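Using the numbering used here, you'd call the opening residue of the sequence shown number 973 and step up by one each time. To start, the structure itself, in structure tokens.
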Amino acid sequence: MAGHSKWANTRHRKAAQDAKRGKIFTKIIRELVTAAKLGGGDPDA
């Protein structure tokens, strides 16, 4: 197979997975920052 590269296939799949994972982490971090700004809870607990 001319031009066949396992890494090329892996790279495309990994890029999609990383983008999806990054989007989830960004959402969670945004929620954490918002919760921290709003306060609430006892920081000494």
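Yeah, the Cβ is synthetic: ideal placement off N, Cα and C, and Gly gets one too. Only a predicted model underlies this, so the values are computations on that prediction, with no experimental measurement involved.
DSSP places residue 994 inside the alpha helix (DSSP H), whose first and last residues are 978-1010. Linking residue 999 to residue 987 through their CA atoms gives a straight-line distance of about 18 angstroms. Our two residues, residue 975 and residue 996, have alpha carbons roughly 34 angstroms apart in a direct line.
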